[in-house]
Each structure stands twice: as C-alpha cells, then as structure tokens.
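One structure is given here, and the rest of the page talks about it.
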Amino acid sequence: MLILTRDLRTEQRRKNYLVLAESNYFQGNKEKAIDFYNKSMEFKGSLEDDIEILFNIALIYDELDLPQDSIKAYDRILALDPVNPGAYYGKAIMEEQLGNDDRALYYYKQAIKSDPKYDRAYFFLANLYDKLDMKDLAIEYYIKVIELVPEDYHAYNNLGSIYEEMGDYKKALEMITKSVDIYPHFYKSRFNLGVVYKRLGDNKMALKSYYSSLELNKSYYYTYLNISAIYIEEKEYNKSIEILSEGIDINKDAEDLYYNRACSYAILGMEEEAISDIRKALSLNPAIISWVIRDKDFESLYNNDDFINLLNEYN
Numbered sequence: 038m039l040i041l042t043r044d045l046r047t048e049q050r051r052k053n054y055l056v057l058a059e060s061n062y063f064q065g066n067k068e069k070a071i072d073f074y075n076k077s078m079e080f081k082g083s084l085e086d087d088i089e090i091l092f093n094i095a096l097i098y099d100e101l102d103l104p105q106d107s108i109k110a111y112d113r114i115l116a117l118d119p120v121n122p123g124a125y126y127g128k129a130i131m132e133e134q135l136g137n138d139d140r141a142l143y144y145y146k147q148a149i150k151s152d153p154k155y156d157r158a159y160f161f162l163a164n165l166y167d168k169l170d171m172k173d174l175a176i177e178y179y180i181k182v183i184e185l186v187p188e189d190y191h192a193y194n195n196l197g198s199i200y201e202e203m204g205d206y207k208k209a210l211e212m213i214t215k216s217v218d219i220y221p222h223f224y225k226s227r228f229n230l231g232v233v234y235k236r237l238g239d240n241k242m243a244l245k246s247y248y249s250s251l252e253l254n255k256s257y258y259y260t261y262l263n264i265s266a267i268y269i270e271e272k273e274y275n276k277s278i279e280i281l282s283e284g285i286d287i288n289k290d291a292e293d294l295y296y297n298r299a300c301s302y303a304i305l306g307m308e309e310e311a312i313s314d315i316r317k318a319l320s321l322n323p324a325i326i327s328w329v330i331r332d333k334d335f336e337s338l339y340n341n342d343d344f345i346n347l348l349n350e351y352n
C-alpha cells in the first residue's frame, strides 16, 4: 500500500489545481483559471513555480483587459523577487495601456536595470519615447535594440520612420532598406520605403514599394491612400479611382479613401459619384467638412445644388 506523506499530498493537491487552471484556460474559462491558479498557491511550492504561476495570472488578466489586476499580479512577483525584470516589464506594458506614460518609462528602465540585455524593454521604451515625441531618446534606445538583436527588422523600420519624420531621408532610406533586407515580408517596411522614396521625389520607386507592400497586406488602407495621392499628383485620375475602389472594397469605413476618390471623380466631372463619396466620407467623419469646404479639387461642384445642400447639412 502506498502511503503519501504530508508533503506529497500537498504537492499533489497543488498539481491538481494547476491542471484545473490550465484546462479551464484552454476551454476559455479564464476567470476560473485564475481562481484555480490562486488556489494552487495555497499549497507550498518552489519560488520558481510560484513566480511562473503569477506570470500566468498576470497574462490572463491582460487578456481579459484588466490591466490593474495584472499589475497586482506583477507586484506579487516583485514581492517574491524584487529584481525580476519580466515583472517590471509587464508592469510597464500595463501602465502604458492605462496611459500612465511616466510610470511606464520608469518600469521599462527598472527592467533594463535588472537585466541590461532585456532587448524588448529597450524596444518598447524607444517606442514610448517616439510616441512622446522625444525622438533623440527613441533613436538612442532603438540603436541599443539593434546592438542586442542585429536582425530586429522592426527596430530598423521604426528607426527609419523617425529619421523620415525628422527629414533625414538618407538615414531613413538606409534603415528601412536594412529592415527589408532582413525580412522582405514585412509590409510596413515596404510601405515606409514608399514614404521615403516619395519624400525623395522618386514616384516610380515609391509606387513600386507601395505595391509590394500591398501584396503583403491588402487591408492597410494607408497604402491605397498614398498610391492614389501619387496618381492624383500625376493627373492619373482613373488610376486613382481604380486603386481607391480596391481599397474601399476591403476597408469600407475608411473615410480618407472615399474622400480621395471624390476628388478624382470631381476633377473628371463625375459630379454624382463625387457627391456620393463626399457624403459617405462625411457620414464616417463629419469633422472633414472643413477639408471639403477648402479643397479646390471640388471647384467643379460649387454650383451643384446637391453639393451646396450637403455642405449646409454638415456646416
């Protein structure tokens, strides 16, 4: 006969609750999973196991869109291990979700202090500095990411975007080209390459880059928008309408696509189609009435009663 010691019974009960937690999680019962994880911790286990359980709890709270509860779970980890870099990183992510940018910056830096090679902490710290328009610091930390992970195409892409915003198109082209070289299948790098080529005045290469981006991701509506802007600039209005119509088929709530197509229709004298698209764009975003009023592309509509009535309706 097998006689279990007290320690073995405790260990077995802990395992039983962990099995229940995992089973409920995979069945979609996430709240119950948390309950069972917490129940398992009533029975003694190793420090490493306790920390792993608390990470699971924190991540589930994040999936449930309960960032404050997730932060509490990370705090429980830090009570057990005050220099745990993953817990600091998790807290930073949650604080950023809550809009507490100063706290997020602090906890990203704490994660890095605990683990100077924590590349994701550097990455999201750089991303937050970029969001806060602190470009020099964003550049500094993206460069650090690249030092730690030379093949991080996301970091190269984001760094290139910052250089583009700063007007340093040579560096922007270098960084984004590197991103494409590392991973040619990332649509955003291809898109941003198009942005830089447009800035450099090379419409041909810009279109080539945008279309290659479109092959990788047909749902990113800014690609259709930027292609149409080049066609409008080059007075290729039918091509503009064609690409915008493709984009609208996939992105039916993108007011910018309707707006640009309306511009092309108006310039071609297709008044009914233009007004229909203006109406749709305004229904999606009434604030763009200020654009409609000032946009010279709609000059051909100035004497159209339907256009005048539409302006009066929204103005």
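In our numbering, the protein residues as written are 38 to 352.
A virtual CB, placed ideally from N, CA and C, is assigned to each residue, including glycine.
It should be emphasised that the depicted structure is a prediction, and the values quoted were computed from it without experimental measurement.
### Query
Roughly how many angstroms separate the alpha carbons of ALA266 and GLU177, rounded to a whole number?
33 Å
### Task
Work out the CA separation of PRO104 and LEU135 for me, nearest whole Å.
7 Å
### In chain order, each alpha helix (DSSP H) run of at least 4 residues that lies wholly inside the stretch 58-123
67-77, 84-100, 104-117
### Query
If you count every other CB in all the chains shown that lies within 10 Å of the CB of ILE330, and 16 or more means buried, which is it?
exposed
### Task
Can you grab the Cα-Cα spacing for the pair ASP343 / ILE287, in whole Å?
28 Å
### Task
Taking all protein chains shown into account, decide if GLU132 is buried (16 or more other Cβ within 10 angstroms of its Cβ) or exposed.
buried
### Message
If I follow the unbroken alpha helix (DSSP H) through ALA175, where does it start and stop?
### Response
172-185
### Message
Closest to SER77 by C-alpha separation, out of GLU68, GLY65, ILE90, would be which residue?
### Response
ILE90
### Query
Are there 16 or more other CB atoms within 10 angstroms of the CB of VAL354, so buried, or fewer, so exposed?
Beyond the ends of the chain as shown, which are 38 and 352, falls residue 354; an answer cannot be given.
#### Entry: Residue from TYR62, SER83, LEU117 whose Cα sits closest to the Cα of PHE73
TYR62
### Task
Could you check what DSSP says for MET307 in three-state terms: helix, strand or coil?
coil
#### Entry: Own chain, CB closer than 8 Å to GLU59, minus 5 neighbours either side, in chain order
ALA70
### Query
In the stretch 214-270, which residue ranges form an unbroken alpha helix (DSSP H) of at least 4 residues, counting only runs that do not cross its ends?
224-236, 240-253, 258-270
### Message
Just to confirm, is the Cβ distance from ILE315 to TYR296 under 9 Å?
### Response
yes
### Query
How big is the Cα-Cα spacing for ILE280 and TYR302?
13 Å
### Query
Between which two residues does the alpha helix (DSSP H) carrying TYR193 extend?
190-202
### Query
So, SER277 versus ARG298, is the Cβ gap smaller than 9 Å?
yes
### Query
Any idea if GLY123 is buried or exposed, counting beta-carbon neighbours within 10 angstroms, 16 or more meaning buried?
buried
#### Entry: Cutoff 7 Å; reference ALA175; Cβ partners in own chain excluding five residues on either side
ALA163, TYR166, ASP167, ILE199
### Task
Using alpha carbons as the reference points, say which of ALA318, GLU100, LEU196 lies closest to ASP173.
LEU196
### Task
Could you please give the first and the last residue of the uninterrupted alpha helix (DSSP H) stretch that includes LEU142?
138-151
### Query
For SER282, which residues of its own chain have a beta-carbon under 8 Å away from its beta-carbon, when the five flanking residues on both sides are left out?
ARG298
### Query
Alpha carbon to alpha carbon, what distance is there between LEU230 and LYS109?
42 Å
### Query
By Cβ distance, which residues of its chain are closer than 6 Å to GLU188, with the 5 residues on each side in sequence left out?
ILE219
#### Entry: Spatial neighbours of ASN352 in its chain, beta-carbon cut-off 8 Å, leaving aside the 5 residues before and after
ILE326, ILE330
#### Entry: Presumed contact (8 Å Cβ cut-off) between TYR234 and LEU253, rounded CB distance
Wrong, their Cβ atoms sit about 17 Å apart, outside the cutoff.
### Message
According to DSSP, is GLU336 part of a helix, a strand, or is it coil?
### Response
helix
### Task
Measure the alpha-carbon distance for TYR257 versus LEU305 and round it to whole angstroms.
27 Å
### Query
PHE335 to ALA324, Cα distance in whole Å?
17 Å
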